[in-house]
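Numbering (our numbering), first residue to last: 2 to 429.
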RNA sequence: GUGAAAGUAGCUCAGGUGGUUAGAGCACUGGAUUGUGGAUCCAGGGGUCGGGGGUUCGAGUCCCCUCUUUCACCCCA
């Protein structure tokens with residue numbers, strides 16, 4: 002019986018595994034150099050854990066299961082709840098600020114499509130315990146630091162930034178009451194993906210007052226922070242959050258990543274828990290879905306039973322990123338090739354054991370080394386060495402009778418005859 | 001969950017209106033080459049034509065169902 006792979010999953014053959022490792026190693030490297038420490042949690046949690054933040058609708062998008070004790074569990078669709086739990090558990094003993102990162106494997110039971118699978122990896126970094134906008138700037142810097150590192154420039158990607166807090170203040174200044182905001186966000190979040198008239202029609206369903214609607218549409222058309230003041234009279238909270246956003250861009254400039262970042266009032270983020278700065282990262286042509294996104298979530302830890310502690314962070318998935326890297330041709334150039342230090346060939350069957358022995362000595366000395374299972378013709382073995390991308394090939398043959406080995410450099414093709422003992426003595 | 005398109009070898013694809021034993025290129029294995037790789041030439045292995053049912057003397061080809069993939073919608077933590 003032939004069993005196919007599960008819908009929305011991927012098999013990682015060595016070629017795909019190399020890509021996955023390269024991406025994840027890059028994430029880890031950038032996290033560490035930006036001063037973050039790695040953490041992880043279990044791959045499944047109580048189902049409840051994922052309902053706190055996101056509500057019941059989300060349960061349909063989860064892979065859930067019941068254990069033999071009747072506990073309702075789910076494979077994690079995100080790691081932030083786990084992070085919240087872990088931080089809350091030790092909140093008093095953890096040195097602040099907390100700068101942690103993780104690369105969890107996540108599961109979502111959605112219908113797969115371009116850039117979205119049911120199992121994927123996501124780079125998360127979070128700063129907990131800092132309410133300064135400098136932390137938001139640093140988080141954005143980290144993302145850009147990575148993209149720049151792998152060769153994605155300002156022509157390739159863009160970070161679109163706004164502020165939930167500011168948007169709330171502005172909408173309230175227009176006369177939208179607080180409990181209308183949530184539903185309105187959902188519409189505003191979709192604006193960039195909808196034709197203007199569809200957007201306006203959806204707005205009609207939410208906001209009856211035509212004056213308010215016009216104000217909102219006018220507001221959503223601003224394309225710089227300065228224009229906001231021209232469009233509306235700012236109250237104190239609004240002015241403060243506008244200033245904060247201005248300070249953020251200033252800091253991004255100081256950090257040297259200002260040219261990757263733009264203000265975009267249309268960035269709202271779907272989920273309810275964002276409280277301040279929000280951002281999303283897109284390919285410049287905007288042909289793919291968001292590569293990642295994040296923002297400030299100052300109430301979340303409290304929702305998970307902890308104290309009110311400010312937090313900010315982001316998540317970047319591997320699927321859209323992988324597509325973009327492929328399209329930009331950045332994988333071929335940068336992927337490390339399989340590399341074997343030595344391939345040990347034997348000239349005939351009588352030297353096979355000697356070849357095995359040489360290989361084992363090389364391995365003990367921490368070199369990547371292989372031998373041929375069959376004492377095949379030398380040309381076959383050399384081809385194997387070549388296929389396995391060996392740097393050097395050791396040929397074990399009649400020279401061994403005089404305690405010598407042939408070392409062939411596979412890039413230059415040059416060979417030398419070297420004393421057996423001397424070779425191992427000089428191995429570094 | 002809704003809608004559309006596709007599925008033939010490991011990969012990319014040929015297979016006029018149904019008709020012998022389903023093909024090619026690449027990849028893989030072996031040989032040409034008995035101690036020298038990447039090239040070339042030759043040969044070989046590999047398919048229940050996604051799966052099931054139906055129509056037919058006969059189905060890769062026509063019809064129905066199903067699975068998977070892709071794309072869009074819903075959603076996007």
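Glycine residues also receive a C-beta, built at the ideal position from the N, C-alpha and C atoms.
Just so you know, these numbers come straight off a predicted model, no measurement behind them.
Check: Are the Cβ atoms of residue 148 and residue 318 separated by less than 8 Å?; Outcome: no
Check: Can you tell me the Cα-Cα spacing of residue 219 and residue 95, whole angstroms?; Outcome: 46 Å
Check: Bridge partners of residue 416, per DSSP?; Outcome: 409
Check: Starting from residue 147, trace the alpha helix (DSSP H) both ways and give me its first and last residue.; Outcome: 134-150
Check: Are the CB atoms of residue 315 and residue 162 within a distance shorter than 8 Å?; Outcome: no
Check: Are at least three pairs of beta-carbons, each pair with one atom in the stretch 75-86 and one in the stretch 108-120, less than 8 Å apart?; Outcome: yes
Check: For residue 346, which three-state DSSP category applies?; Outcome: strand
Check: Given 8 Å as the limit, is there contact between the stretch 81-91 and the stretch 278-295, that is, 3 or more CB pairs closer than that?; Outcome: no
Check: Output yes or no for whether 8 Å exceeds the beta carbon distance between residue 497 and residue 45.; Outcome: The question about residue 497 has no answer, for the chain in this structure spans 2 to 429.
Check: Please state the DSSP three-state secondary structure of residue 75.; Outcome: strand
Check: For residue 1, which three-state DSSP category applies?; Outcome: What is shown of the chain runs 2 to 429, which leaves residue 1 out entirely.
Check: Beta-carbon within less than 7 Å of residue 36's beta-carbon, same chain only, minus the 5 sequence neighbours each way: which residues are those?; Outcome: 100
Check: In terms of alpha-carbon separation, which member of 59, 113, 123, 129 lies closest to residue 93?; Outcome: 129
Check: Can you tell which of 133, 381, 187 has the C-alpha that lies nearest to the C-alpha of residue 373?; Outcome: 381
Check: Residue 385: buried (16+ other C-beta within 10 angstroms of its C-beta) or exposed?; Outcome: buried
Check: Would you call the CB atoms of residue 313 and residue 136 closer than 8 Å?; Outcome: yes
Check: Since residue 345 contacts residue 395 with CB under 8 Å, what's their CB separation in whole angstroms?; Outcome: 5 Å
Check: Who are the Cβ neighbours of residue 350 in its own chain at under 8 Å, not counting the five residues just before and after it?; Outcome: 376
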